[in-house]
Structure formats: structure tokens, C-alpha cells
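Protein chains in written order, with full-length UniProt numbering: chain C, 1 to 554; chain Z, 1 to 554.
Remarks on the structure that follows.
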């Protein structure tokens, strides 16, 4: 475990010769601010008072939504490597210029919620016995805003990230902070299945930095393709966009990209738009497999009409920078001459040159869950209660572990979202069944957890429902008498050209086409968190309808 | 001169297996698009028809405004290393979150103006005899969006830029394009007076990438300062913001930063806001010296009340990464531990640790003007006419040069904005006066030019008035009978806390305070180019008034 460096306290800061004259009228010493402690752990403890401190690890759909729900009867402390929440369903729209990036973001720190404290850092370790979290600082962190596809300590990242890191220490300073209740909602990383070159060269779509990179690169491909020095062959490859993963995220990106090309870029680059090729690759035989057959067929028809090629049963083998090497064309195999293009290799099609490759094939367990929460502990008697009636004197002699799903590595929780423990059985005594226990003050949900024997989809809907349920229970204090049940509100996706799919189990049934698109937009507008974004999103929809998307590239 | 690589034309592009089905309804083959040629020089020539081609170098206040003004009777070709125009007076607002970045941007390519062609590249050379420009491509260019403080070929840039460049060739491909009329509006670079470390470490404020870096860094400083691992001493330095240059840009940034701190950050970080120090350094005895004394005094009072310290008669000696080295504190002098802070050294105050230093001390001549336009030419008889009645047979025996201001290096133009030539007199024959000539089809204005014997301010107002005047003359074809005269519409600046200064020579007179701020906002809203931004800017003003600035950092 990392050592804790206490905060150094200098006697009194030297009065600076540059004096500061505050404007009292606008300064905040009002009631609403009094609960906020921003500097130092002592200040945090002082402002906590006699409240319980709930520490939430992560600021995604699970952690952020819970933090918003918890009442001021708790001191809520969010610890996350990024300082904002991403409204992920709108990321595709921001990547293609239909919306501005910030419409998909909400800062964790907010004037409206002075009971929420925030520390920007990576959760590094947990001591369940002492009820302490170790945090590594991450404010000046080059990974920020980008999807993670591997442990940050195994740095295979691009040159840009590496050099930004130069001059910064490899590991941030650490500190410890105590909790009364702990919520593990760190989410998942992007899954690459170890495919060669993908971690380094693919464009992911998990965070706002990813969306920004994609938007910039797509527009850059058009600009390079329009240069008089660009050969017809390079032009073809610049304008070929590959998407790997036929789930809703990948398909929606294809649809939005097709809209951008047809509705806007075709007017600015009339000679280039017909050369554009958008292809979605998936290893499975179908895409959007969660929709029933009729809707799936409609989706395929719509994509075909929009020129989005769906290449199912394709196996990606590699993604590397530079253009495909061909014997006949010597100049083309130089990375320096490839204008940022990539070569995508599939078992079925061989090497194909692409302008960019968006990777969206699902989740990989978070290294924090995989490593930090994979230790053995003494029985945390202040936090856990035995579930299977073992004797208390047996407890001390056993080593305990967090129970995880054997395949996905997700934390197993009960239907109150409480983390489950089991005693470690030594290999020699495997006839003796393991004991099991429940952590009464450690919760986990969202993508990094799984309710025992329940197969809930790894979606924003699931995470948000769990967060709202847990928040309500904690506010009311009636957790013991309640159980979480998932209510499937349906699934939806955008297909491009103002058409969508909505599939519900309720009275609404299945809808496709323009009505489904309107429901899609309406649902996300309703769900968006702040009034700022509830106003901005329709303003941008209107502006882009009236004037076209903003194609400024910066 | 660089060699020209002709565009390779492959016989016929191989039909890709991924076929593309276009949506005819949304495709653009309408009248308004017919004039646009996007791919290749042949297409450019074909769409030119019998029109004259006006090539504009640069997309700032001079070049962009002219391109918007020119009618479709010309084929307008803008060549610029960046693909957009920056509405510079709003940059400070975007850097502090009062406005979104894109509200200060307009793309050069626009659906509304199909007669404007664009090529993204650096003007590299001009052949006045053949009427040809050599262009170096710059789409995938790491300098994009950032202020330039030196020739891009002398790369002293930060690690980030350098590594992004890795894998890209050091010089882009070049091509030639012909012009009928040429307009040199490449603007200026940022002046650092060779101050040590400034090019590498200062935050400039000329382009949108600069504004984005500043916004991110300011918010980052607060977040790092709030970490429990941050010492009181480091905190003090993180929250000290230095601005060098007491002109309107620097002072306005100080004012907007003070607003951000008082109006928003004070609520989110109540313990940190009182520790913030904002200081403006200037080598002169006064700041905002273009305003008359009464307004200047009002400005100083306002700044004082807002806690913006003005340190006149200060000489900056160095800006380096890391914190000031002090004997007593060994841990502090390590760059890796400085959390991105800098040390600013002035002759008067010695070393001071700062969170960031914004550099805004004026203009340096553009290297294109300084180097590429500093050659000797044979007399370009198709383009120039002798102004002082020399014999035509004398012309061929002389070497001609573009006339420049001896101190600033600005291109000297006549009151029709036409570039002036003078014959090169050899040192041995200095008794013989130089002949002079006027280029009839080469224009220069904005920051990189100077009307002979006129001292116009190097402002957006000057450049825009010149652009509008020249556009009108060229559209009407009455250049010969007209002269440009500058009409001083007054100067204005923002002082923070909803106060401003307006000074006009006309009936409006001098105004200070809230009314001046309203005029300031109104003027910029009126001047903003597109309807998109005319709608977005007040929407953001409203949202930030209602909900506070967006402090999301990404």
C-alpha cells in the first residue's frame, strides 16, 4: 500500500506584496455555501459535522446520478479522475457536430449542490477494516477526457500523451480519506480483446476527449482530401471510415457520420462526399442484436439506403498507422506520407486503408476492481455481516475476498447493491464450503458490478435506475426493507436521416422511423441534467437544422 | 524556391467493394453549389471560367472580411494555415467561460458563399513575374489553433507539439497556384522581444487553441490547489496569475478572469478565491495608454477594486517551468513537483511562482513577409507601373524589392492598399536615388502592411475597414478613382464587473461604467458574422447570467 504524505502546513503564508481586494457583494459566504469544504482534509472533516460521509468512486452514470440524488443529510464526497459527468448517449452527436461538446457534460462541482465535495484522483486502494480510501491525484493528467483501454500505469499511449507526461511524475501524490459508506461505481474500460494496435491507434467513444478527437479527425480527412497534393488513392483512403462494433454506440456513430456527410459536407465538398465509405465491422452475424427481428431488418434497410455498409462476421486482426503496403506503390507505404491514415486488417478483407477507425466493442473490467479489490482481508467486522450463519469465532481465522463474477470480473452484489464477500478456501481444503458475508456499508453498481443471479444490461439506464433507487433508500434510511428491481423502459437507437428505433415492453410497443427519432431526442432532452443543457441542446438542434452543423475544426 | 509536385492522377479509382448509395434528396447539386470546386487545381481552373481569381493569403480580420465581401464575379481563393476566422475581441470571453469557443469562430468554407474556395496551407513563396503562389500544406499541423511566436521551421515549441509532429514530415508537400490579383493579409506573430523562455512557456491569446489552453489551465490550477496533497505554498503560486502586456487584450483578460473568480469560482472554491492574485505587468509607465487620462484613471480604480494588480514599469527577464528555487525549501524547486507552475522573473520583483503567464505584448512581423517577400525581382511588368516617370528601358537592368517600413518590417502600400516596389540601389551607387513602382494587382493591408505616411492602429477595426473598402472597390471596379481613408469609430475595452470604457471622437464622446459595457457587448454582437453566432452569443450570455459559467474542464 502507498504511503500517506500528510499535508504540510506552513505556519502562516507570507503576506504577498500583491494584495487582493475582494468585492464583498459577489463573494459567497451565504448559507448555501457554508457546507462546502474545499481545501484540506481537516476542512472536510470540519464541514462534515455529525453527518455520515458517503464516498462515491467515479462520476459516470452510476456515481454521478447517485451524488445528485443524495440529500444534504450526508456529506457526499465524489472521487473521480475526471471532474465531470458525461451524458454518453449524446457523445455521438457531439463527435459529428450536431451538438456542442459541453451539452453532454455536467461538472461534478456545482453551485446547486453544496453538499457534494469533490476530489480529483484515482481510487488506488481501500482498507475495509479502517474504512479508508487511498487516492492518487490526477488533475494534471494526460489521460483525462479519453477512454481507457488499459491500466494507466502500463502506458502504451500515443506520443502526444507521453510527452505531455514528461516533466510530470509518473505517479501522483497519494492521500487517504475515510468513509462511513463507500460506493464503488468506477465503471469499465474499453475492451479491445488484445487486438494488435487497437489500444494505440483506435478512436474510442467513451469520453468527451474521444468525441473531440473524432470530430477533428473526420473534418481533417476531408480537408486533406481536398488538397491538390493529395492523390486519388490517398483521397479514397482518407474518406473511408471504419467502425468496429455493431452495438447501438457504433451504429449510431455511423448514422450520425452519414448525416454529417450527406447534410453538410456534401455541400462544402461536393466532389468528395460521393467518395465517402462508412463501414461497420462486427464479429457477430448480426448488429443491433438486442432489437427484435422486424426492427433489425428495418435498421439494416435504413443503413443501406444511407450508404452505411454493415460487415458482419468480420474478424479484426490489427490496426496500425500508415497506409496498406502494396508492391506497386512505393511512396504509399510510408507512415509520414499517410496523412494520419491507418491500415485496418481483417481476416476476411485483408488490409484496408482508413481515415480513422472508431472502436466500440464493449467493456473490460476496471483495473481498480480487477487489482485493488482482489486482495484478501481480515473479516471487516464493523462493515460486514455473515450471511450463512457461521460462528463468529470462525471469522478471525479466515481470509476474506470480494466475490466477483468468474468470467467478467464484476463485483457481485445482493439485491440491495451491497458488496458480497466470501472466505478464501485454501486449495487443500476444497471440500469445505466457503462462508459468505455482506458488506453493509460498501455498495457497488453500474458496469463494474452485477446483482447475483440477475442479468441486467450494462447500460446507462441500468446504472441510473440503481443510482436513483440507492439514493432514495439512503435518504429515507429504509434500505433493509427494500429490494432493487430493474424496470426495463425499453431500448432505442438512432439510425440516421431522422429515423430511429424504439422497442419497449410496455404499451408503447415498437416504433420505427421518424416518430422513433422524435422519441429518442425527447427522451435524451428530458434526461439531461442541468437547465443549462436543457436549453442549449434544443438551441443547437435548431441552429444545425437552420444553418447546418458547425464544421470549424480546432 | 520549392519544387512543385504535380498532382498524380490515377487512371480510374478501383471500385471499392463497399458501395455507396447516395441520398439524392439531400445531395447538393443545386445552383448555389455549382461554383464550388473542391478537388484539384484543374477543377479550380474549370470552375473559375472567365472570372478573375483573387488569392487571399490569411483568414484573419483582413483576409476573411475581404473574402466575405467579394462578389461572385471573382473566384476567391483563401489560402491560410487555419480553416477558420477568429473573432478576436471575444477570445478573452471564451478563455474564461463567458462564451463557448465556437462563438468566436467562423469557418472559411461556408454554404452561404460558394464562390469562396479554400486551401489549407502556408503561403511559402510568390513569383510576381509568373503570378504564382507556392503553398505548403498544413492540415495535419500541430501548430494549428495556437499563436505563433517564431517561424514554424525554428521549432522551439513545447513537448506536446513536437511529439505530435513525430511521424509527420517536417515540411509539408508544396504546390503552386496562379492568381490574377493577390492579397497579402497574413497578419503578425506574437512579439516576445526575445525574452528568455517566453516562446516556450507563455500562454498567448491570439487563436482559439490559446484560449482553450488558458481556460483549461486556470480551472486546473483551482482543482490542484484544492487537493489535500497541495501545500499552502504551492497553493499560493497556483493561484497567482500573471499577465504581461497592459494593452486592451491583456487588461480585458485580467478583467474577465477576475469576473470568473468572483462570480463563479468563489462559490465552488470559497476557501481558494480569496487567495487568488491577478497581476498585469507592463514595461511602460501606464496601461491602456490609448485612452485619455480620465478614462485611464477610471480603469485603474476599477481594476483596483476588482483585485487586479497593475505593475507598470516592470521588466520581464525570464519565464521558466517550475517553481522559484529557494534555499530553504528543497522539495519545491523540482519541475516535476510544481504541478505545471512557472517562475516569472522580473528585474523589479525577482522570481515569482505563477500558475500561468498570459503574454500579450503586441506584434512581430510575419516570417512570410520578413523572408519570402524580402527577395529581389526583375521588374514584374505585367503587374507593376512605375510611379516616378523612369524610362522603360531602365527597368530590365534593375533589381526590384518590396518596400517595407524600416523599423517594423511592414509592407508599405499606397492609399489604394497596393504594394509598393523600389529598385535596389547597390551600396556603391548610393548617390543615385531609387526608382519606385506600384504593384497594380498585389494588395496588402491589416497588421502586416502600412499605408505610406499614415499611422493607423494595428487593430481589427483598421483591418476590417480596409477589407470592406477594398472589397467594395474591387466589386465596383472603381479602385483607380478612390482612396482609402480610415474612420476612427472609437476604442473600447472591458474592465470587469460589468463595467467598460468607450472613447469616440464622434457625438457619443467618452463613456465609462455599465453603459460602456453594454455598448461593448452590443458592438461585438452586431459585428459577429454569422446568424448562428448572433443567436448563440446572447444565449450563452443569458445562461451564464442565470446559471454561472461552465467550469467543466476538458
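For each residue, glycine too, the CB sits at the ideal point set by N, CA and C.
Quick check on residue 149 of chain C: does DSSP put it in helix, strand or coil? Coil.
Endpoints, alpha helix (DSSP H) assigned at residue 538 of chain C: Residues 531 to 547.
Looking at the structure shown, is residue 176 of chain Z part of a helix, part of a strand, or coil, going by DSSP? Looking at residue 176 of chain Z - three-state DSSP - the assignment turns out to be strand.
Alpha-carbon spacing of residue 68 of chain C relative to residue 113 of chain C, whole angstroms: Spanning the two alpha carbons is a distance of roughly 8 Å.
Can you tell me whether residue 186 of chain Z is buried or exposed? The criterion is at least 16 other CB atoms within 10 Å of its CB, across all chains shown. Burial call: buried.
Using CA atoms only, rank isn't needed, just tell me which of Z:482, Z:97 and Z:487 is closest to residue 459 of chain Z. Comparing alpha-carbon positions, the option among Z:482, Z:97 and Z:487 lying closest to residue 459 of chain Z turns out to be Z:487.
Identity of the residue in Z:118, Z:106, Z:324 and Z:151 nearest residue 365 of chain Z by Cα: The candidate whose alpha carbon is nearest that of residue 365 of chain Z is Z:151.
So, helix, strand or coil for residue 399 of chain C, using DSSP? Residue 399 of chain C: coil per DSSP, three-state reduction.
Per DSSP, what kind of secondary structure is residue 475 of chain C in: helix, strand or coil? Helix, per DSSP.
Step through the CB atoms of chain C and report whether any lies within less than 8 Å of the CB of residue 536 of chain Z. Yes - at least one Cβ of chain C is within 8 Å of the one on residue 536 of chain Z.
In the DSSP assignment, the beta strand (DSSP E) including residue 107 of chain Z goes from what residue to what residue? First-last of the beta strand (DSSP E) with residue 107 of chain Z: 105 to 107.
Can you pull the chain Z neighbours of residue 43 of chain C, defined as C-beta to C-beta under 8 Å? The CB of residue 43 of chain C comes closer than 8 Å to the CB of 271 in chain Z, given here in chain order.
Quick check: the Cα distance between residue 154 of chain C and residue 360 of chain C, rounded to an integer number of angstroms? Computed Cα separation, rounded: 21 Å.
Going by DSSP, which residues form a beta bridge with residue 560 of chain Z? The structure shown does not extend to residue 560 of chain Z, since chain Z spans only 1 to 554, so no value can be given for it.
Taking C-alpha atoms, which residue in Z:204, Z:99, Z:46 and Z:117 lies nearest to residue 57 of chain Z? When each option's Cα is compared against that of residue 57 of chain Z, the closest is Z:117.
What are the residues in the region 224 to 252 of chain C lying within 9 Å of chain Z by C-beta distance? Listed by position, the residues of the region 224 to 252 of chain C near chain Z (Cβ gap below 9 Å) are 224, 225, 226, 227, 228, 229, 230, 231, 232, 233, 235, 236 and 240.
Helix, strand or coil: which one does DSSP assign to residue 491 of chain Z? Three-state result, residue 491 of chain Z: strand.
Contiguous beta strand (DSSP E) assignments of at least 3 residues, all confined to the region 280 to 350 of chain Z: Here the runs fully enclosed are 308 to 311, 316 to 321 and 342 to 346.
Need the endpoints of the alpha helix (DSSP H) that residue 369 of chain C sits in, please. Going by DSSP, residue 369 of chain C is part of no alpha helix (DSSP H) at all; its letter is neither H nor E.
Assess contact between the region 440 to 454 of chain Z and the region 408 to 417 of chain Z, defined as three or more Cβ pairs (one per stretch) separated by less than 8 Å. Is contact present? In short, these stretches touch, since the Cβ pair count reaches three.
Write down every uninterrupted run of the beta strand (DSSP E) in the region 404 to 453 of chain C whose length is 3 residues or greater and which is fully enclosed by it, in chain order. Whole beta strand (DSSP E) segments, 3+ residues: 411 to 413, 418 to 423, 436 to 444 and 449 to 451.
Residue 107 of chain C beta carbon less than 8 Å from that of residue 94 of chain Z: No, Cβ-Cβ distance for residue 94 of chain Z and residue 107 of chain C is not below 8 Å.
Residue 240 of chain C vs residue 354 of chain C beta-carbon contact at 8 Å: Between residue 240 of chain C and residue 354 of chain C, the CB-CB gap stays under 8 Å.
Are residue 256 of chain Z and residue 98 of chain Z close, meaning C-beta to C-beta below 8 Å? In contact: residue 256 of chain Z and residue 98 of chain Z (Cβ atoms closer than 8 Å).
What's the gap between the Cα of residue 356 of chain C and the Cα of residue 337 of chain C? Taking the straight line from one Cα to the other gives about 15 Å.
What are the residues in the region 65 to 98 of chain Z lying within 7 Å of chain C by C-beta distance? Listed by position along the chain: 83 and 84.
In whole angstroms, give me the CA-to-CA distance for residue 282 of chain Z and residue 149 of chain Z. The straight-line gap separating the alpha-carbon atoms of residue 282 of chain Z and residue 149 of chain Z is approximately 19 Å.
Can you find a CB in chain C that lies within less than 8 Å of the CB of residue 153 of chain Z? Residue 153 of chain Z is outside the set of residues whose beta carbon lies under 8 Å from a beta carbon in chain C.
Would you say residue 571 of chain C and residue 247 of chain C are within 8 Å of each other, going by their C-beta atoms? This structure gives no information on residue 571 of chain C, because the portion of chain C shown stretches from 1 to 554.
Are residue 311 of chain Z and residue 261 of chain Z close, meaning C-beta to C-beta below 8 Å? No, the pair does not count as a contact, with Cβ atoms beyond the cut-off.
Going along chain C in order, which residues have a C-beta closer than 7 Å to the C-beta of residue 549 of chain Z? Identification of chain C residues near residue 549 of chain Z by a Cβ-Cβ cut-off of 7 Å yields none; the smallest Cβ-Cβ distance measures about 10 Å.
With DSSP as the reference, please indicate the residues paired to residue 278 of chain Z in a beta bridge. Looking at the DSSP assignment, residue 278 of chain Z forms a beta bridge with Z:241 and Z:308.
How many angstroms separate the CA atom of residue 285 of chain C from the CA atom of residue 315 of chain C? A straight line joining the alpha-carbon of residue 285 of chain C with that of residue 315 of chain C spans about 11 Å.
Apply the 10 Å Cβ neighbour rule to residue 546 of chain C and answer buried if 16 or more other Cβ atoms are within range, or exposed otherwise. So residue 546 of chain C ends up on the exposed side.
So, with DSSP's three-state summary, where would you put residue 39 of chain C? Coil.
Interface residues of chain Z around residue 531 of chain C at Cβ under 9 Å? Under the 9 Å cutoff, chain Z gives 543, 546 and 547.
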